[in-house]
Amino acid sequence: MDGIKRNIESKLNRLLSYFPAVVILGARQCGKSTVAQMLRPDWSYFDLENPNQYQRIADDPVLFFRENPQHLIIDEAQHMPTIFDILRGVIDQKRNLKNRFILTGSASFELMKNISESLAGRVGIIELSSFKLNEFHEQPLPDFYQIFQHKLSADSCGALISLTPQNGIAELKQALLTGGYPEPILANDTDFHQEWMANYFNTYINRDMRTLFPRIDLIKYRRLLAMLSHLSGTIINKSEIARSIETSEKTVRDYMEIITGTYFWRQLEA
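The letter at position 10 of the sequence shown is residue 10 when you use the UniProt record's numbering, and the numbering goes up by one with no holes.
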């Protein structure tokens, strides 16, 4: 996906001009580290899912930040919660210096907890989704978004009515069916897409959930995910779901919070 412009790029640059650090949140494999490295190609990059790179920081994080006091990208930062307190001290040594660190993470509740406790007021936060339709086709944001950047008025209705679609129905249908994860859709290979998605799901369940939530009942969690996949666009009744998967409504609420926090599901409040 090298070279494909993402919609968040201008905002990410703006946040880096405001804050010493910026956190990019989003689903695993949606392109967080890629966009960070595209915008800051000269910065050092460390992936905390790489055992060697993780250990290099974990052995002596104070020394690590002394050697890397700025221009640093740390990927999947939620895997090392202790890094946030140390990073706070590093930032506070030169509090007015901006554009120093980019952190990424695919578990928002873990990151947000650590940010609120250690880095409040020191970081900007931005979310990256998988490819939007305009990004995949390398188009600018549709005019639809421009309308909602300003206060709505009577003229806004006229502007909405006059809009013409940027893409056809066939392109929209294809995007809805294949999703927007960069690697499988850019490969343009149906078999690879199916294998990639199956592997993605298994990794999410068998590695991420076991690591982040070791006490979770993975059988019930899988069943809940399967049910939700058929309930997209509907009103969610948590008590009915609880009966179906033979658990409590509280467990369903807790699991749905995890699913939302790991970007597998987005819930719109009524």
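Even for Gly, the Cβ is constructed at its ideal location relative to N, Cα and C.
Here the structure is a predicted model, which means the values were calculated and not measured.
Beta carbon of residue i nearer than 8 Å to that of residue j
| i | j | result |
| --- | --- | --- |
| Lys98 | Phe19 | yes |
| Pro56 | Phe65 | Sequence check: residue 56 is Arg here, not Pro. It is not a contact, given that the beta carbons lie outside the stated cut-off. |
| Ala27 | Ser106 | yes |
| Leu141 | Glu171 | no |
| Pro51 | Ile86 | no |
| Pro182 | Phe192 | no |
| His71 | Asp92 | no |
| Ile73 | Gln29 | no |
| Arg40 | Ile115 | no |
| Ser44 | Thr104 | no |
Residue i burial status per 10 Å Cβ neighbour count (16 or more: buried)
| i | result |
| --- | --- |
| Tyr221 | buried |
| Asp75 | buried |
| Arg135 | First, the residue type needs correcting, since residue 135 is Glu and not Arg in the sequence shown. Glu135 should be labelled buried. |
| Arg88 | buried |
| Thr82 | exposed |
| Gly124 | buried |
| Arg95 | exposed |
| Phe84 | buried |
| Phe144 | exposed |
| Ile24 | buried |
Distance, residue j Cα to residue i Cα
| i | j | result |
| --- | --- | --- |
| Ile219 | Asp254 | 15 Å |
| Leu15 | Val22 | 7 Å |
| Ile126 | Tyr54 | 24 Å |
| Arg215 | Pro165 | 47 Å |
| Ile10 | Arg207 | The displayed chain sequence assigns Ser, not Ile, to residue 10. The alpha-carbon atoms of Ser10 and Arg207 are separated by roughly 33 Å. |
| Glu138 | Gly168 | 15 Å |
| Thr211 | His230 | 27 Å |
| Thr178 | Phe213 | 29 Å |
| Ala77 | Asn202 | 21 Å |
| Ser153 | Asn7 | 25 Å |
| Ser108 | Leu163 | 35 Å |
| Gln174 | Gly3 | 22 Å |
| Leu228 | Thr190 | 24 Å |
| Cys157 | Phe131 | 28 Å |
| Asp155 | Leu176 | 31 Å |
C-beta neighbour in chain B for residue i, strict 8 Å
| i | result |
| --- | --- |
| Ala21 | Given the protein chain composition of this structure (a single chain), no chain B is represented. |
Same chain only: Cβ atoms within 7 Å of residue i, ignoring 5 sequence neighbours per side
| i | result |
| --- | --- |
| Val252 | Leu224, Lys238, Ile241 and Ala242 |
| Ala58 | Met80 |
| Met209 | Ile216, Leu218 and Tyr221 |
| Pro69 | Val90 |
| Arg249 | Per the sequence shown, the amino acid found at residue 249 is Glu instead of Arg. So the qualifying residues of the chain are Lys238, Ser239 and Ala242. |
| Leu159 | It should be pointed out that residue 159 corresponds to Ala in this sequence rather than to Leu. So the qualifying residues of the chain are Ile147. |
Closest by C-alpha distance to residue i, when choosing among the options
| i | options | result |
| --- | --- | --- |
| Thr262 | Ser129, Asp92 and Leu48 | Ser129 |
| Lys5 | Gly31, Ser17 and Leu25 | Gly31 |
| Tyr204 | Phe264, Ser116 and Ser44 | Phe264 |
| Arg122 | Ser17, Gly3, Gln267 and Lys173 | Ser17 |
| Glu269 | Ser244, Thr234 and Ile245 | Thr234 |
Close beta carbons around residue i, own chain, < 6 Å, minus the five adjacent residues each side
| i | result |
| --- | --- |
| Glu110 | Gln78 |
| Ile259 | Trp265 |
| Thr247 | Lys220 |
| Glu117 | none |
| Leu48 | Tyr54, Glu76, His79 and Met80 |
| Phe46 | Gln53 and Ile74 |
Residue i CB to nearest heavy atom of the ligand SAH below 7 Å
| i | result |
| --- | --- |
| Arg210 | Although the ligand SAH was asked about, the structure shown includes no ligands whatsoever. |
Close-in-space but distant-in-sequence residues of the same chain around residue i (CB under 8 Å, 5 per side omitted)
| i | result |
| --- | --- |
| Gln267 | Ile236, Met256 and Thr260 |
| Trp196 | Tyr181, Glu183, Pro184 and Ala187 |
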